[in-house]
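When the letters of the sequence shown are read in order and numbered with the numbering used here, they come out as residues 932 to 1655. Using N, Cα and C, we set each Cβ at its ideal position, and we do this for glycine too.
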Amino acid sequence: MSQTLTRRNFLKLSAITAGALTLGEMLPPVVAQAAIEAGMLTASGNGYIPSMCEMCVWRCGLIAKVRDGRVVKLDGNPDHPHSRGHLCVRGQSGLMNTYDPDRVLTPLIRVGKRGEGRFRQASWDEALDLTARSMQQIKDTYGPEAMVFSSTHNLSQVQFENLLYAYGSPNYGTQRSLCFNAMIVANQMTYGMEEPERIYDDQLQYVILTGRNLMEAISTSETGELSDAIARGVKVVYLDPRFTKTAAKATEWLPIKPGTDLAFHLALLNVIIGDRLYNQSFVQSYTLGFDQLAQEVQPYTPEWAASITEIPADTIRRIAQEFAAAAPHALAHNGWRTSNFINSFQTQRAIAILNALVGNWNVTMKASGGESSGALGTPPQPPYPRVSAQRLDGVPHKYPVVPFKLGVFQELRDSVVSGQPYQAHGWFIARQNPVMSLPDRNRTLQAFDKMDFIATVDIFLNDTAWFSDVVLPEASYLERYDPLLPVGDKVFLRQPVIEPQGEAKSALWIYKQLGERLGLGDYFQYTDEEDYIRQQLAPLGVTLDEIRSKGYVELPAAEEEPGFTWNTPSGKIELFSDTLDRVGFPGVPVWQAPPQPPQGQFYLLTGKVAQATQFASQNNQLLHKYADEPRLWLNDKVAEDRGFADGDWVEVTSEVGAIHIQLNVTPGIRPDCVYLTPGFGHLSKGLTTAYGVGASDSVLHVTYTDPASGSQALSQTFVTVRKV
Ligand SMILES: Nc1nc2c(c(=O)[nH]1)N[C@H]1C(S)=C(S)[C@@H](COP(=O)(O)OP(=O)(O)OC[C@H]3O[C@@H](n4cnc5c(=O)[nH]c(N)nc54)[C@H](O)[C@@H]3O)O[C@H]1N2
Ligand SMILES: Nc1nc2c(c(=O)[nH]1)N[C@H]1C(S)=C(S)[C@@H](COP(=O)(O)OP(=O)(O)OC[C@H]3O[C@@H](n4cnc5c(=O)[nH]c(N)nc54)[C@H](O)[C@@H]3O)O[C@H]1N2
Ligand code: SF4
Ligand SMILES: [Mo]
């Protein structure tokens, strides 16, 4: 880390970010006024306040311990179905996001060239006026479609979208096509549902995890359920080219060849159908297209799959038999980030169908439904203007089965670069770091170059803000209200644990201010954050003050749906999908061979680690302290053959970029793969803890898009590794 320190010292000297606090300058305590009034804090600022974590999108319930007006500890709220009394390491470290000396605490306006990182502090009025004026100018000159909006899932997103729809642009980039499009579109096509509920109930006996690294890519409740299941002796089969923490906990680790999970699952279908191991009455009652499927999977024998996946045929056959025998107490897990290859959509279809054939759906169905915001109120607003312009992300003309809501963000970025079918001129970004999270970072920077105006709402000078013209600082999740979040049979509240530091404001406030300045005030009919929440709570007949100390309110029991039907066009589980067939995609899953690296090159694998969230948490001083600097995993035998040693510096090169990084030589990865932790190698020098640590895999990723689901394909990037 000595290199990092040198760079940090340099940063202090060059003082690039006006107004940012330097290390050691402590912020004064700011006592949450509403919490004192509710009796949760003493006048001197001591007490416990329930709220919600925002260190990742899982949003566990937390209880903050406050001493002398400062948050000193965060614990899980036992009443929250996600956290159940536990926060993961990132959640527990969340207070350092709030107290990070690198927080942006006043609006910033760029003064130097883009990417130089020179900003001046500005008042909210000046920064909001400039943002609204620039957005209005773009609308007047080129039409509303020339403004791109992008944001990743967060609680105030509903008001971000309100601003977008009221403004009238069709161009909206979310994380979905970078993350789970393949899984969601496959489930939609099969079941007519976005994400069927999965259950780890007491009777579960068998789980197949296809690259779902639950022990590191954490969803607290699901990770906990898997741990409990493993303790009970549930059999877990884990497919990953890499020996992850989940591989260590699984009964069986199968280091499958990247991109061949489809062949593995097709062979499971072959055995289950061929040996009549499926649930005949379930298939007959609920599914459509069994005969087409049976015919298609006939050639996909375990022997066929063995030569492709490098998993022995006997193993595949045995797993098919064990899985079917355990059904309906079995689960073929869909995964979450399923953006690996352009055939991942077919893999997801095969997994969805596998669960249907053995009737697992009976096990999972009883928990579906439930989470609905339908019971909550919303502020009144006029209808949105009609949007006639084509979307830059190619939905639906190029991607006919991708839902509008999911979109294809990487294609949107590429259309900005090409200027086709028209040129976008402005980009409004909130709670997202597309400079790092989209594949091919240089291309994203080219897209930024095309922009007349970029504004970013963040709590830090993240890499995207670093290239922006205006930075609007949001209050951190411990300092603000957000819209309520329904989870299961409860509705949870995010409330300030301390008052916002500096000039930081909630996103609810920021969007309303912008809306008003854009002449769209009628769409933002709430006086402030508390009024917004009161309007949400009104139909439930409870007040904000009544729910503060518990942090949630129970929802009235949902009415039982009489007679469940699948929401597909046929009303059945579609093993054969007419919708896919009609637009030229295979109606049943078929083998699509993935590309393979040329001789001497490697598949570049990505995947989460427990102590970091995406492209967001690397600057957290607590998390930073306990994490090793990321290195490139390389198989030990390959290293020996090539004369590489652990710790050697190497150059990693793909078609679109190159990085320098140290090697982690390990037997825990296939010889044809290398792996790099995502989220490091930041460009922004405003992240003084994270800057200079590790390297970015996004620099290397080539942009590939699955034509059916619009999902990016991250493991399809091939790299060379050379000693430097
Ligand atoms: N700690 C932590 N937890 C998180 C997050 C985080 O950032 N940090 N992010 C959350 C989010 S948004 C998501 S989407 C989920 C993602 O959680 P997961 O769905 O588990 O996805 P990843 O961790 O991105 O990648 C999982 C594994 O896929 C493997 N892999 C790559 N290519 C292939 C292949 O072709 N076949 C197979 N079988 N495996 C392959 C990689 O080696 C990696 O170990 O995690 C969530 N939880
Ligand atoms: N190479 C590679 N690329 C990937 C992935 C991968 O594994 N490897 N994973 C993909 C996946 S699964 C996903 S979901 C995406 C995620 O990538 P993104 O959608 O870009 O999301 P995050 O990285 O979480 O970035 C969130 C931003 O929010 C900011 N932030 C944090 N808290 C707050 C807050 O309270 N308010 C505001 N306004 N901002 C806040 C952070 O500072 C950060 O800049 O990346 C995808 N891209
Ligand atoms: S999983 Fe961890 S980071 Fe995510 S919300 Fe829960 S405690 Fe926070
Ligand atoms: Mo994700």
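- In the structure shown, the three-state DSSP call for Asn1286 is helix.
- In the DSSP assignment, Trp1564 falls within the beta strand (DSSP E) that extends over 1563 to 1566.
- Going by beta carbons, Gln1312 and Val961 fall outside the 8 Å limit.
- Judged by pairs of C-beta atoms under 8 Å, the stretch 1046 to 1062 does not touch the stretch 1012 to 1021, as fewer than three such pairs exist.
- For Glu1505, the pairing in a beta bridge is given by DSSP as Leu1219.
- Annotation: Gly1452 to Pro1316 spans about 14 Å, alpha carbon to alpha carbon.
- If you look at Arg1107, you'll find it isn't in any beta strand (DSSP E); it sits in the alpha helix (DSSP H) that goes 1107 to 1110.
- As DSSP reads the structure, Ile1242 sits in no beta bridge.
- An exposed status is given to Phe1335, since fewer than 16 other beta-carbon atoms sit within 10 Å of its beta-carbon.
- The C-alpha of Ser1087 lies about 50 Å from the C-alpha of Pro1230.
- At a cut-off of 7 Å, the beta-carbon of Cys991 does not count as near ligand 4: no heavy atom of the ligand is closer than that.
- Within the DSSP secondary-structure output, Ile1247 pairs in no beta bridge.
- In the structure shown, Val1116 falls within a helical segment according to DSSP collapsed to helix, strand and coil.
- If only uninterrupted alpha helix (DSSP H) runs of at least 4 residues are considered, those enclosed by the stretch 1547 to 1613 are 1552 to 1557, 1567 to 1573.
- Burial check for Ala1524: the Cβ neighbour count within 10 Å stays below 16, so the residue is exposed.
- By the Cβ test, the stretch 1110 to 1117 is in contact with the stretch 1266 to 1282, since at least three Cβ pairs between them sit closer than 8 Å.
- Judged by the Cβ position, Leu1086 fails to qualify as a neighbour of ligand 3 at the 7 Å threshold, every heavy atom of the ligand being at least this far.
- For the alpha helix (DSSP H) assignment, the uninterrupted runs of no fewer than 4 residues enclosed by the stretch 1391 to 1477 are, from N- to C-terminal side, 1394 to 1397, 1438 to 1448, 1460 to 1468.
- Taking the Cα positions, Asp1031 is about 7 Å away from Gln1552.
- Taking a cut-off of 8 Å for Cβ pairs, the stretch 1093 to 1103 and the stretch 1245 to 1258 do not touch, as fewer than three such pairs fall below it.
- DSSP places His1196 within a helical segment (H, G or I) once states are collapsed to three.
- Judged by DSSP secondary structure, Trp1055 falls within the alpha helix (DSSP H) whose first and last residues are 1055 to 1073.
- Per the coordinates, the alpha-carbon of Arg1344 lies some 7 Å from the alpha-carbon of Thr1375.
- Here Asn1566 really is in contact with Pro1598; their C-beta atoms are around 7 Å apart, less than 8 Å.
- Thr1375 carries a helical assignment under DSSP once its states are collapsed to helix, strand and coil.
- For Leu1536, the enclosing beta strand (DSSP E) stretches over residues 1533 to 1536.
- Around the beta carbon of Asn1373, fewer than 16 other beta carbons lie within 10 angstroms, which makes this residue exposed.
- For the pair of segments examined, the stretch 1554 to 1570 was found not to touch the stretch 1213 to 1224: the number of CB pairs separated by less than 8 Å stays below three.
- His1591 counts as exposed, since fewer than 16 other beta carbons sit within 10 angstroms of its beta carbon.
- Ranked by Cα distance from Val1347, the first of Asp1324, Ser1216, Gly1099 is Asp1324.
- Runs of alpha helix (DSSP H) with 4 or more residues, each lying fully within the stretch 1143 to 1214, are found at 1151 to 1162, 1176 to 1180, 1192 to 1205, listed in chain order.
- By the C-beta criterion, the stretch 1390 to 1410 is judged not to be in contact with the stretch 1646 to 1655, since fewer than 3 inter-stretch pairs fall below 8 Å.
- By the beta-carbon neighbour count (other beta carbons within 10 angstroms, threshold 16), Arg1064 is exposed.
- Residue range 1020 to 1023 is occupied by the alpha helix (DSSP H) that includes Gly1022.
- Ranked by how close their Cα comes to the Cα of Asn1595, the residues Leu1618, Glu1156, Glu1571, Glu1586 have Glu1571 in first place.
- C-alpha of Gln1134 to C-alpha of Ala966: approximately 43 Å in a straight line.
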